[in-house]
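These protein sequences, in sequence, are chains C and F.
So in the numbering used here, spot 177 of the first sequence is number 177, and the numbers just go up one at a time.
So in the numbering used here, spot 4 of the second sequence is number 4, and the numbers just go up one at a time.
We put the CB at the ideal spot given by N, CA and C, even for glycine.
All figures in this text were calculated on a predicted structure; none of them were measured in a lab.
Below is one structure; the comments refer to it alone.
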Amino acid sequence: MKVGIVCPYSWDMPGGVKQHIDDLAQALIAQGHDVSVIAPAADDDDLPPYVVGAGRAIPVPYNGSVARMSFGFLSAARVRRWIGDGDFDVLHIHEPLVPSLGVLACWAAKGPIVATFHASWVRSRAIAVAEPLLRSALEKLSGRIAVSDAARKSLVEQFGGDTVLIPNGVTVARYAEAEPLDGWGPDGATIGFLGRMDEERKGLAILLDAFNLLAGERPELKLLIAGPGDAKDVYDRVTRAFHDRVTVLGMVSEADKIRAYHSVDVFCAPNTRGESFGIVLAEAMASGATVLASDIPAFRKVLGEGQAGALFANGDPASLAREAAALLDAPERRAKLAAEALVAVHKYDWSTVARDVVRVYETVTTGGAGRVEEDL
Amino acid sequence: MTSIMVVLIVGIVVVLAAVYISWRAGRLDRLHIRLELAGESLSAALMRRRAVALELAGSRLLDPATSLVLAASAHEARMAGPDERERAESDLSRTLRAVVDQERFGEKLAESPGGQALLEELEAAVAKVVYSRRFYNNAVGVTRTAQRRWLARVLRLAGHTEYPQFFEIDDNPPEAMATE
Numbered sequence: 001m002k003v004g005i006v007c008p009y010s011w012d013m014p015g016g017v018k019q020h021i022d023d024l025a026q027a028l029i030a031q032g033h034d035v036s037v038i039a040p041a042a043d044d045d046d047l048p049p050y051v052v053g054a055g056r057a058i059p060v061p062y063n064g065s066v067a068r069m070s071f072g073f074l075s076a077a078r079v080r081r082w083i084g085d086g087d088f089d090v091l092h093i094h095e096p097l098v099p100s101l102g103v104l105a106c107w108a109a110k111g112p113i114v115a116t117f118h119a120s121w122v123r124s125r126a127i128a129v130a131e132p133l134l135r136s137a138l139e140k141l142s143g144r145i146a147v148s149d150a151a152r153k154s155l156v157e158q159f160g161g162d163t164v165l166i167p168n169g170v171t172v173a174r175y176a177e178a179e180p181l182d183g184w185g186p187d188g189a190t191i192g193f194l195g196r197m198d199e200e201r202k203g204l205a206i207l208l209d210a211f212n213l214l215a216g217e218r219p220e221l222k223l224l225i226a227g228p229g230d231a232k233d234v235y236d237r238v239t240r241a242f243h244d245r246v247t248v249l250g251m252v253s254e255a256d257k258i259r260a261y262h263s264v265d266v267f268c269a270p271n272t273r274g275e276s277f278g279i280v281l282a283e284a285m286a287s288g289a290t291v292l293a294s295d296i297p298a299f300r301k302v303l304g305e306g307q308a309g310a311l312f313a314n315g316d317p318a319s320l321a322r323e324a325a326a327l328l329d330a331p332e333r334r335a336k337l338a339a340e341a342l343v344a345v346h347k348y349d350w351s352t353v354a355r356d357v358v359r360v361y362e363t364v365t366t367g368g369a370g371r372v373e374e375d376l
Numbered sequence: 001m002t003s004i005m006v007v008l009i010v011g012i013v014v015v016l017a018a019v020y021i022s023w024r025a026g027r028l029d030r031l032h033i034r035l036e037l038a039g040e041s042l043s044a045a046l047m048r049r050r051a052v053a054l055e056l057a058g059s060r061l062l063d064p065a066t067s068l069v070l071a072a073s074a075h076e077a078r079m080a081g082p083d084e085r086e087r088a089e090s091d092l093s094r095t096l097r098a099v100v101d102q103e104r105f106g107e108k109l110a111e112s113p114g115g116q117a118l119l120e121e122l123e124a125a126v127a128k129v130v131y132s133r134r135f136y137n138n139a140v141g142v143t144r145t146a147q148r149r150w151l152a153r154v155l156r157l158a159g160h161t162e163y164p165q166f167f168e169i170d171d172n173p174p175e176a177m178a179t180e
């Protein structure tokens, strides 16, 4: 299939949406599709062969943060030309409600158009003001995809209708190999955590309480924590005598994150709720870590009811401590769970996600849907 | 005010109104085309699901009882008239869940030659029914809103097209094939 993908955010800035589009494009190309991505980027930027620049991005405050986006006559003309020259079977717009290339593409094209919604928002003033305008753009979409329940809910509450849900994927191969962090390594006594430290539903407090229970009887036990938040809050919760056995890395780079997964014996995901799909869990599984997670429905499903990782009673530090101790004492069970996890995580690989996205493409291009054309 | 001015102003108003009405009519027309395409795509997805279910039933890969249940359900759905279609397709969804969610169904099927391919085909067909029905109902929703507009009603912009109906069925996929 010939697919045109529209990225609203600057290609040279790291970000979730851009990463999603890059992963999707590569997975589609690997499956033999012909992909062209248009994104805000200057002509002299170093771009992969499948990306076309639509002009330099301008930083603008929008919906609570500053994003680098493209708009204006020049970008509109470039998008129009890209659509006219592309002769696409399907046009895939990301974030069509963001005032950037997505909106421009929606205006300039007709034919089979699919859109993916990433962000969630509370009834925003900006969107309410522009609603009639956005509504006519949304009318052109033949298929709508949301990446999370939150994104789906925002869209449905403000505009009605429904979407299909296709969550983000994990590029499993990217996590397979990495050196442990310097001075770390799976040594039979390291527990790891990754996520926002100050967000209650991520459940770090439960892990810290469990650590307090375990650390006394296990002098070797160490805790490695990575993610944004205040380290002081963490230490306030840990018994003073154990402070030197808890390491807080704070925010880490993508590469260090993968190394961190490879540095622990047990990776703990103590989330108390939410998490329609635990991307962190899937990453840890792809890294070959042994996972210990709370038994919330989403995690039980990802871990195959305990086949591909151990579970503990949600919100219960004593249960977490008991399960962690059992895992640390059983290296063979750890190896078996990790091996099962590597198989189970394939369901969340980008190749699977891309397959579902292609099914959406096929759904909107059946019959006399024609091709993507310029809307004059 | 001279009469020329009056004529001029009336003329401008008429032109603006005409432009607005034709834009509205064009938009409604585009929605009707989209609705029609979405309907075709939904029919195609349902047809495909019935076909794969029948093929699976006749494949000799299943035990005779399962084959019979599946064949009967797919056949019912194929023969259903317009008023029975939603019920019959829902029944097929339920049957597929009962069949595919049998213990070790996927593993058993994958052991036989051709079984894996058939299973993948069924999974794709089931997913496409879910997708195409969502998209179709979306199209129905926006078309209904557009047809109900005051201007569209007074000027009969929708012409003789019928008021579109949602397609409401149980299309939940089997547990083993659930993607959401």
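Hey, does A71(F) have any beta-carbon neighbour from chain C nearer than 7 angstroms?
no
Output, in chain order, the set of chain F residues within a Cβ distance shorter than 8 angstroms of T247(C).
Here the premise fails: no neighbours, minimum Cβ distance about 38 angstroms.
Note down, in chain order, every chain F residue with its Cβ under 9 angstroms from the Cβ of V364(C).
L37, A38, S41, Y131, S132 and F135
Let me confirm a value: K232(C) is counted as buried when at least 16 other C-beta atoms fall within 10 Å, else exposed. Which label applies?
exposed
Of all the options G250(C), K222(C), P112(C) and H262(C), which has the alpha carbon lying nearest to the alpha carbon of Y175(C)?
H262(C)
The segment 138 to 158 of chain C in contact with the segment 116 to 123 of chain C per 3-pair CB rule at 8 angstroms
yes
So that I know if they touch, is there some Cβ in chain F lying closer than 7 angstroms to that of D89(C)?
no
Classify M177(F) as helix, strand or coil using the three-state DSSP reduction.
helix
From the beta carbon of N172(F), is the nearest beta carbon of chain C less than 7 angstroms away?
no
Residues, ordered as in the chain, of the segment 11 to 29 of chain F that lie near chain C by beta-carbon distance below 8 angstroms:
R27
Own chain, CB closer than 7 angstroms to I206(C), minus 5 neighbours either side, in chain order
P270, G315, P317 and L320
Is S166(F) buried or exposed, if buried means 16 or more other CB atoms sit within 10 Å of its CB?
Contrary to the premise, residue 166(F) reads as Phe rather than Ser in this sequence. Its Cβ having fewer than 16 others within 10 Å, F166(F) is exposed.
So, using beta-carbon positions, are D191(F) and S112(F) closer together than 7 angstroms?
Because chain F in this structure spans residues 1 to 180, residue 191(F) falls outside the shown range and cannot be described.
Rounded to whole angstroms, what is the Cα-Cα separation between T366(C) and L92(F)?
23 angstroms
Bridge partners - H94(C), DSSP secondary structure assignment
T116(C)
DSSP beta-bridge partners for A67(C)?
V60(C)
Give the secondary structure of G4(C) by DSSP, where H, G and I count as helix, E and B as strand, and everything else as coil.
strand
If you reduce the DSSP assignment to three classes, tell me which class T272(C) lands in.
coil
Proximity of V360(C) and Y131(F) at Cβ, strictly below 7 angstroms
yes
Give a yes or no on contact between the segment 11 to 30 of chain F and the segment 47 to 62 of chain F, applying the rule of three or more CB pairs nearer than 8 angstroms.
no
Around the C-beta of M177(F), are 16 or more other C-beta atoms found within 10 angstroms, so that it is buried, or is it exposed?
buried
Across which residues does DSSP place L165(C) in a beta bridge pair?
A146(C)
How would you call E283(C), buried or exposed, if buried means at least 16 neighbouring beta carbons within 10 angstroms?
buried
Straight-line CA distance for Q26(C) to R322(C)?
42 angstroms
Classify F88(C) as helix, strand or coil using the three-state DSSP reduction.
coil
Mind pulling the chain F residues with CB within less than 7 angstroms of R359(C)?
A124, A127, K128 and Y131
Taking Cβ-Cβ distances below 7 angstroms as the criterion, which residues of the segment 65 to 76 of chain C are in contact with chain F?
none
Is DSSP giving G53(C) helix, strand or coil here?
strand
Out of curiosity, what's the CA-to-CA distance linking I279(C) and L97(C)?
25 angstroms
In this structure, how does DSSP classify A108(C) when only helix, strand and coil are distinguished?
helix
What runs of the beta strand (DSSP E), each 3 residues or longer, lie entirely inside the segment 72 to 147 of chain F?
none
At a CB-CB cut-off below 8 angstroms, which residues of chain D make contact with G141(F)?
Absent here is chain D; the protein component of the structure consists of chains C and F.
Pull up the DSSP beta-bridge partners for G192(C), would you.
L224(C) and F267(C)
Find the residues of chain F that neighbour A321(C), judging by a C-beta separation of less than 7 angstroms, and give them in chain order.
Within chain F, no residue comes near A321(C); the closest Cβ sits about 33 angstroms away, beyond 7 angstroms.
Taking all protein chains shown into account, decide if L91(C) is buried (16 or more other Cβ within 10 angstroms of its Cβ) or exposed.
buried
Spatial neighbours of A80(F) within its chain, please: C-beta separation below 6 angstroms, excluding the five flanking residues on both sides.
A88
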